[in-house]
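What follows is a short report on a single structure.
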Amino acid sequence: MNYVLALLLPPLSILLTGRPILGILVFLIWVPAIIFSGGLTHPMFILLAWVLIYQSGEERRTRRIEKAYRRED
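For the sequence shown, position 73 matches number 73 in the UniProt record's numbering, and the numbering has no gaps at all.
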């Protein structure tokens, strides 16, 4: 779901991954970039959002594995 949102509104998607400051910063750069470039920079922000979404998922999986490992001890 968040990957689809990243296609349309990358700053909102970044905000929902738990990075509010980066989401606001990207929004402040994204709006003028879309206006002045005619949308040519939009794929760059989509890729950034996808990388951050993937990274947050990996962090969640790592925490889950660490938690399970601590329970075994």
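Even for Gly, the Cβ is constructed at its ideal location relative to N, Cα and C.
Backbone CA spacing between residue i and residue j [nearest angstrom]
i, j, result
"Arg-19", "Arg-64", "20 Å"
"Ser-13", "Arg-60", "17 Å"
"Ile-35", "Leu-48", "19 Å"
"Ser-37", "Leu-28", "15 Å"
"Pro-10", "Glu-58", "19 Å"
"Tyr-54", "Gly-23", "15 Å"
Coarse secondary structure for residue i, derived from DSSP in three states
i, result
"Leu-9", "coil"
"Met-1", "coil"
"Gly-57", "helix"
"Arg-64", "helix"
"Arg-19", "coil"
"Leu-47", "helix"
Close Cβ partners of residue i (< 7 Å) along its chain, the five nearest in sequence each way excluded
i, result
"Ala-33", "Thr-41"
"Leu-52", "Ile-14, Thr-17 and Arg-19"
"Trp-50", "Tyr-3 and Ala-6"
Residue i CB to nearest heavy atom of the ligand MN below 7 Å
i, result
"Val-51", "You won't find the ligand MN in this model; it holds no ligand whatsoever."
Same chain only: Cβ atoms within 6 Å of residue i, ignoring 5 sequence neighbours per side
i, result
"Phe-45", "Pro-10 and Trp-30"
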